[in-house]
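Residue numbers (our numbering): 2 to 317.
Ideal Cβ positions, reconstructed from N, Cα and C, are used throughout, including at glycine.
Written out below as structure tokens is the structure these notes cover.
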């Protein structure tokens, strides 16, 4: 269960000791981080997309052109310009199938160009021969998870030898199966988690519960049921797309609290889903403020949501 905003003396002393006696900055404690590079920006955004306007160097898939990019540019530098003022220094970059299909090379190059700043969630075509054989080489290139989604293969998205092999290999490598799904897909995820209990799983964006404006109790019940699988984690993200879709997003707090109670903060993580969170009147700051300032969470809870969970899955 998640803990209330009250922080114990032991937790307060432990936090300050871990920070080397540093004072609290803003509303979040700064914990000791092995790489001092991130001491000023210790937080982690567990989900963002990036792409380059240089479509000659980084060709787009499916016949798309530069005119199809929306926004026209969202490079790592542009992302970090938004993230750093919120003390976010590391980001999990998510493969964008719409623009680059199965070609993960842009994100891999971004991670190589800024060592330690980025981890990658890539994509593999599980219908091709031996997709699992590509997973270990990609791990060496900072690909710590793979986005899988029902949108490409519909009802067959979790079936087939290739998908099963990916889940088995993920249990061995520690690479997560990262599910971009809709609420109706949750029972299928429940079943495959039971078959592969040692595979780390991440549910993106609350399984898009509330994307049509209504947060249904039956959908939320199916999401919470995944908590019985001890390696399932949830991204608390994409507020711009859920519920009322309006800052400050407080209508999402009842769902967030139920997810935190079921999974615990150590299996939940904040993420922005930029650049979609930073266009059409939405802001990066409002996304992080919902959990930081408006959810009544303890300092220890925030440590998990803004750093520890994502660090364990993507940066350890």
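Remark: three or more beta-carbon pairs, one from each stretch, lie closer than 8 Å, so the segment 267-287 and the segment 84-97 are flagged as touching. Annotated as distal: residue 118 and residue 146, with beta-carbon spacing of 8 Å or more. If you look at residue 46, you'll find it in the beta strand (DSSP E) that goes 44-49.
Here the segment 73-85 makes no contact with the segment 251-268; the two share fewer than three CB pairs at distances below 8 Å.
When DSSP states are grouped into helix, strand and coil, residue 149 belongs to the strand group.
The beta carbon of residue 252 lies closer than 6 Å to those of 244, 245 in the same chain, with the five residues before and after it left out.
In the DSSP assignment, the residues bridged to residue 123 are 147. For residue 253, no beta strand (DSSP E) encloses it, and the DSSP letter there is neither H nor E. Judged by DSSP secondary structure, residue 289 falls within the alpha helix (DSSP H) whose first and last residues are 285-294. Per DSSP, the unbroken beta strand (DSSP E) holding residue 90 starts and ends at 89-95. If only complete runs of 3 or more residues are kept, the segment 209-253 shows the beta strand (DSSP E) at 233-237, in order along the chain. In the displayed model, residue 182 falls within coil according to three-state DSSP, outside both helix and strand. Between residue 167 and residue 199 the beta-carbon gap is near 13 Å, outside 8 Å, which marks them as no contact. Spatial neighbours of residue 211 in its own chain (CB-CB distance under 6 Å, excluding positions within 5 residues in sequence) are listed in chain order as 243, 244.
Residue 177 sits in a strand when the DSSP states are folded into three classes. Take residue 50, set aside five residues on each side of it, and the residues of its chain with a beta-carbon closer than 6 Å to its own are 95, 97, in chain order.
A contact between stretches requires three or more CB pairs, one per stretch, nearer than 8 Å, and the segment 36-56 fails this requirement with the segment 221-231. The continuous alpha helix (DSSP H) containing residue 190 extends over residues 187-196. Apart from sequence neighbours up to five positions away, the residues of its chain that approach residue 54 with a beta-carbon distance below 7 Å are 67, 70, 73, 74, ordered along the chain. The C-alpha of residue 134 lies about 43 Å from the C-alpha of residue 282. By a beta-carbon distance limit of 8 Å, residue 260 does not contact residue 233. Their separation comes to about 11 Å. In this structure, residue 189 places its C-beta atom within 8 Å of the C-beta atom of residue 159. Inter-residue distance for residue 317 and residue 294 is about 28 Å (C-alpha atoms, whole angstroms). Residue range 106-114 is occupied by the alpha helix (DSSP H) that includes residue 109. In the structure shown, the three-state DSSP call for residue 263 is helix.
Take residue 292, set aside five residues on each side of it, and the residues of its chain with a beta-carbon closer than 8 Å to its own are 237, 257, 271, 298, 303, 306, 307, in chain order.
Each of 164, 56, 48, 132 was checked against the Cα of residue 101, and the nearest Cα belongs to 56. Beta-bridge pairing by DSSP links residue 203 to 179, 234.
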